[in-house]
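Undergrad: My questions will all concern the structure given below.
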Amino acid sequence: GEPVLVASTDGVGTKTLLAAQHDRWECVGADIVHHGVDDVLVQGARPLAFLDTVAAGRLDPAVVERIVSSMADACAGVGCVLLGGETAEMPGVIEPGAVDVAGTMLGVVDRDDLLPNAAVAPGHLIVGLGSDGLHTNGWSLVRRLVADRDLTLPRPGGEVPLIDELLVPHRSYLGPLDKAIGAGLVDALAHITGGGIPGNLARALPDGVGADVHLDRWELPGLQRWLVAEAGIDLDEAATIWNLGLGMLALVHPDRLDELRAAIDEPTWIVGELTDRPGVRLVGTAG
Numbered sequence: 048g049e050p051v052l053v054a055s056t057d058g059v060g061t062k063t064l065l066a067a068q069h070d071r072w073e074c075v076g077a078d079i080v081h082h083g084v085d086d087v088l089v090q091g092a093r094p095l096a097f098l099d100t101v102a103a104g105r106l107d108p109a110v111v112e113r114i115v116s117s118m119a120d121a122c123a124g125v126g127c128v129l130l131g132g133e134t135a136e137m138p139g140v141i142e143p144g145a146v147d148v149a150g151t152m153l154g155v156v157d158r159d160d161l162l163p164n165a166a167v168a169p170g171h172l173i174v175g176l177g178s179d180g181l182h183t184n185g186w187s188l189v190r191r192l193v194a195d196r197d198l199t200l201p202r203p204g205g206e207v208p209l210i211d212e213l214l215v216p217h218r219s220y221l222g223p224l225d226k227a228i229g230a231g232l233v234d235a236l237a238h239i240t241g242g243g244i245p246g247n248l249a250r251a252l253p254d255g256v257g258a259d260v261h262l263d264r265w266e267l268p269g270l271q272r273w274l275v276a277e278a279g280i281d282l283d284e285a286a287t288i289w290n291l292g293l294g295m296l297a298l299v300h301p302d303r304l305d306e307l308r309a310a311i312d313e314p315t316w317i318v319g320e321l322t323d324r325p326g327v328r329l330v331g332t333a334g
């Protein structure tokens, strides 16, 4: 085979403001590393090396050390090398107290195994894997919604301090999907990040192919259900902001569905199917 390098650059975004306010830096390294892992995984690639950038108006060495060590732990967990990176002080560019965390993940894949592949077609099923929380998207709205709350208390119906629920790290899907991708069971993947389910699923589809996603086929997590209600928006809009409990979607031929689900060692949901009408449609109301 011919190895191909793929790369993804992203940032944790404004989630870092909550981490800063509550001195919770341990999640931020996992956030950025796992986000990168999932982005290269969508192309069928395994993570190879990671480079980071940590920038602030004034850098606190202890904070930088906590962020970088959490990146190193996350890299070790997914078997990639932390190649080092850049720490930058940018007074006047970045507000005092704020820290911008970004990084580039390099992955490698055989050219023949690149995803999405040519098999993706109407009739394919959409299999959802659960998210571990909000991951790294929709934080500007979240911060507005919780601005006046005491985050050390649980939300209504919550069992842990709201800050704990909010700052759950972005998860990596390398573990659960490794076997399925290796066995050629997955024809395409959509990592649900900015733009939500419609935006990211659309990127995995060839011209002329659309998708129907049925909102009643999985359970909306309590935190996200509460945020949607607090925001006073409908699910179609919420689905473009948050992951609604699904962090990764896998597209599979119906004949291989059982094999795929058997290869994934965690609960999955069949949340929709591909159609010959272009566009991603959200159908029904949430379960």
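Heads up, the working numbering is the position in the sequence shown plus 47, with the first residue counted as 1.
Yeah, the Cβ is synthetic: ideal placement off N, Cα and C, and Gly gets one too.
All values derive from a computational prediction rather than experimental measurement.
#1: Mind checking which residues open and close the alpha helix (DSSP H) that includes E73?
#2: Please state whether DSSP places V146 in a helix, a strand or coil.
#3: With a cut-off of 8 Å on the beta carbons, I'd call I79 and A194 a contact; round off their distance for me.
#4: For the alpha helix (DSSP H) containing P314, list its first residue and its last residue.
#5: In terms of residue numbering, what span does the alpha helix (DSSP H) encompassing P38 cover?
#6: For the beta strand (DSSP E) that I228 lies in, which residues bound it at each end?
#7: Per DSSP, R93 is paired with what?
#8: Specify the secondary structure class of D305 as computed by DSSP and reduced to three states.
#9: What residue from L192, I288, A309, V275 has the CA that sits closest to A230's CA?
#10: Rounding to the nearest angstrom, what Cα-Cα distance links E142 and I317 in this structure?
#11: Run the CB neighbour count on V115, radius 10 Å, all protein chains shown included, and call it buried at 16 or more, exposed below.
#12: Whose CA, out of I228, N290, L200, lies closest to the CA of T240?
#13: Roughly how many whole angstroms lie between the Cα atoms of G132 and L106?
#14: Please identify the residue among V256, A103, L129, L214 whose C-alpha is closest to the C-alpha of A165.
#15: Could you compute how far the alpha carbon of A258 sits from the alpha carbon of V299?
#16: Can you check whether the CB of L172 is closer than 9 Å to the CB of L321?
#17: Compare the beta carbon distance of M152 and T56 with 9 Å and say whether it is the shorter of the two.
#18: Is A242 helix, strand or coil by DSSP?
#19: Per DSSP, P138 forms a beta bridge with which residues?
#20: Using alpha carbons as the reference points, say which of W265, D86, T199, L65 lies closest to L221.
#21: Look at the alpha carbon of D157 and the alpha carbon of V125, and state the distance between them as a whole number of angstroms.
#22: Given a threshold of 16 other Cβ atoms within 10 Å of its Cβ, counted over all protein chains shown, does D234 qualify as buried or as exposed?
TA: Looking at the atomic coordinates:
#1: For this step, residue 73 is matched to residue 26 along the sequence shown. Note, E73: alpha helix (DSSP H), 73-88.
#2: Taking the sequence shown and counting its residues from 1, the one referred to as residue 146 is at position 99. Here V146 sits in strand by DSSP.
#3: Locating residue 79 in the sequence shown gives position 32, counting from the first residue. Locating residue 194 in the sequence shown gives position 147, counting from the first residue. Their Cβ separation, rounded to whole angstroms, is 24 Å, which puts I79 and A194 out of contact at 8 Å.
#4: Translated into the one-based positions of the sequence shown, residue 314 becomes position 267. Premise fails: P314 is in no alpha helix (DSSP H) and is neither H nor E.
#5: Beyond the ends of the chain as shown, which are 48 and 334, falls residue 38; an answer cannot be given.
#6: As a working note, residue 228 is residue 181 in the sequence shown. Taken as a continuous stretch (DSSP letters only), I228 belongs to no beta strand (DSSP E), being part of the alpha helix (DSSP H) at 221-229.
#7: On the sequence shown, position 46 is the one that residue 93 refers to. BP columns for R93 point to V155.
#8: Within the sequence shown, the letter at position 258 stands for residue 305. Here D305 sits in helix by DSSP.
#9: By one-based count along the sequence shown, residue 230 stands at place 183. Residue A309 is the option with its Cα nearest to A230.
#10: Within the sequence shown, residue 142 is the residue found at index 95, counting from 1. Within the sequence shown, residue 317 is the residue found at index 270, counting from 1. Spanning the two alpha carbons is a distance of roughly 44 Å.
#11: By one-based count along the sequence shown, residue 115 stands at place 68. Classification for V115: buried.
#12: Mapped onto the sequence shown, residue 240 falls at position 193. Ranking I228, N290, L200 by Cα distance to T240 puts N290 first.
#13: The residue you call residue 132 lines up with position 85 of the sequence shown. The residue you call residue 106 lines up with position 59 of the sequence shown. Roughly 15 Å between the two C-alpha positions.
#14: The residue you call residue 165 lines up with position 118 of the sequence shown. Among V256, A103, L129, L214, the Cα nearest to that of A165 is on V256.
#15: In the sequence shown, counting from the first residue as 1, residue 258 sits at position 211. In the sequence shown, counting from the first residue as 1, residue 299 sits at position 252. Their backbone Cα atoms lie some 13 Å apart in a straight line.
#16: Taking the first residue of the sequence shown as position 1, residue 321 is located at position 274. Taking the first residue of the sequence shown as position 1, residue 172 is located at position 125. In this structure, L172 lies closer than 9 Å to L321 by Cβ.
#17: Here residue 152 is taken as the residue at index 105 of the sequence shown, counted from 1. Here residue 56 is taken as the residue at index 9 of the sequence shown, counted from 1. In this structure, T56 lies closer than 9 Å to M152 by Cβ.
#18: Locating residue 242 in the sequence shown gives position 195, counting from the first residue. Checking the displayed sequence, the identity of residue 242 turns out to be Gly instead of Ala. In this structure, G242 counts as coil in the three-state DSSP scheme.
#19: Indexing the sequence shown from 1 puts residue 138 at position 91. I141.
#20: Taking the first residue of the sequence shown as 1, we reach residue 221 at position 174. For the residues W265, D86, T199, L65, the minimum Cα distance to L221 belongs to D86.
#21: By one-based count along the sequence shown, residue 157 stands at place 110. By one-based count along the sequence shown, residue 125 stands at place 78. About 19 Å.
#22: The residue given as residue 234 occupies position 187 in the sequence shown. Looking at its Cβ environment, which holds 16 or more other Cβ atoms inside 10 Å, D234 is buried.
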